[in-house]
Amino acid sequence: MQVEDIASGVDWQGFETLVADIFRAHDFKVKQNFRFKTSSRHEIDVIAVDGRFMICVDCKHWSGGRSKVYGLKSAVKDQRKRVRELQRFLKKNVVARKMLGTDSKEMLPMVVTLMEEEMVNESGVWVVPVSKFNSFLAEKENYLT
Numbered sequence: 004m005q006v007e008d009i010a011s012g013v014d015w016q017g018f019e020t021l022v023a024d025i026f027r028a029h030d031f032k033v034k035q036n037f038r039f040k041t042s043s044r045h046e047i048d049v050i051a052v053d054g055r056f057m058i059c060v061d062c063k064h065w066s067g068g069r070s071k072v073y074g075l076k077s078a079v080k081d082q083r084k085r086v087r088e089l090q091r092f093l094k095k096n097v098v099a100r101k102m103l104g105t106d107s108k109e110m111l112p113m114v115v116t117l118m119e120e121e122m123v124n125e126s127g128v129w130v131v132p133v134s135k136f137n138s139f140l141a142e143k144e145n146y147l148t
């Protein structure tokens, strides 16, 4: 069974768990549904940390539709903002940095989507369809340089 078939058969929470499990299969330390507060409340669906990277993922269980382009652009903008706020939060919060194991990691925003698209880096945010997510992680050094 293909990962996109599994992903389309689960709800949005199951989709987030699937993305987290794929990270774990690539030896990332994973934290799901990380909530924090700066000037307002924020949540990052999946934070995955390995030796070099801290990847902050917004999972979009969308199947496409009439406003796909606008939806992706909006998701990219929102995720970039959340990651900036997370950087502010972690700068002031030693406990959270230690819990996540984030010291001296390169922080990367990402949107993983159910939609079948090309992998693109949109304004510094990787947009990766779940069908290509495993291969993206297997070859991450080719993309994340």
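Our numbering puts the first residue of the sequence shown at 4, with every later residue one more than the last.
Cβ coordinates follow ideal geometry from the N, Cα and C atoms, glycine included.
Residue burial classification, residue i (beta-carbon count within 10 angstroms, cutoff 16)
i: Val72; result: exposed
i: Met102; result: exposed
i: Arg27; result: exposed
i: Met113; result: buried
C-beta contact flag for residue i and residue j at 8 Å
i: Val33; j: Ala51; result: yes
i: Asp53; j: Phe31; result: yes
i: Cys59; j: Leu89; result: yes
i: Gln35; j: Asp48; result: yes
i: Trp65; j: Met122; result: no
i: Glu120; j: Val130; result: yes
Nearest residue (CA-CA) to residue i, options the options
i: Glu46; options: Arg83, Lys135, Glu120, Phe136; result: Arg83
i: Phe139; options: Ile25, Leu103, Gln16; result: Ile25
i: Phe37; options: Gly74, Asn145, Lys76, Arg100; result: Arg100
i: Thr116; options: Ala28, Lys143, Gly74; result: Gly74
i: Asp106; options: Glu119, Val98, Ser77; result: Val98
i: Gln5; options: Ala141, Lys135, Asn145; result: Lys135
i: Ala141; options: Gln16, Gly127, His29; result: His29
i: Arg87; options: Asn124, Gly104, Lys143, Phe39; result: Phe39
i: Val128; options: Asn137, Glu144, Lys76; result: Lys76
i: Leu111; options: Lys95, Lys94, Arg85, Asn96; result: Arg85
Close beta carbons around residue i, own chain, < 8 Å, minus the five adjacent residues each side
i: Glu109; result: Arg55, Phe56, Met57, Leu147
i: Ala23; result: Val33, Gln35, Val49, Ala51
i: Glu125; result: Leu75, Lys76, Val79
Limits of the alpha helix (DSSP H) - the one that residue i falls within
i: Arg91; result: 71-95
i: Val140; result: Val is not the amino acid found at residue 140; the sequence shown has Leu there. Per DSSP, Leu140 belongs to the alpha helix (DSSP H) from 133-141.
Run of the beta strand (DSSP E) containing residue i, from where it starts to where it stops
i: Lys40; result: 32-40
i: Asp48; result: 44-52
Sequence-distant residues of its chain with Cβ nearer than 6 Å to residue i (five each side left out)
i: Arg91; result: Thr41
Beta-carbon proximity list for residue i, same chain, < 7 Å, skipping 5 on both sides
i: Gly104; result: Lys32, Val52
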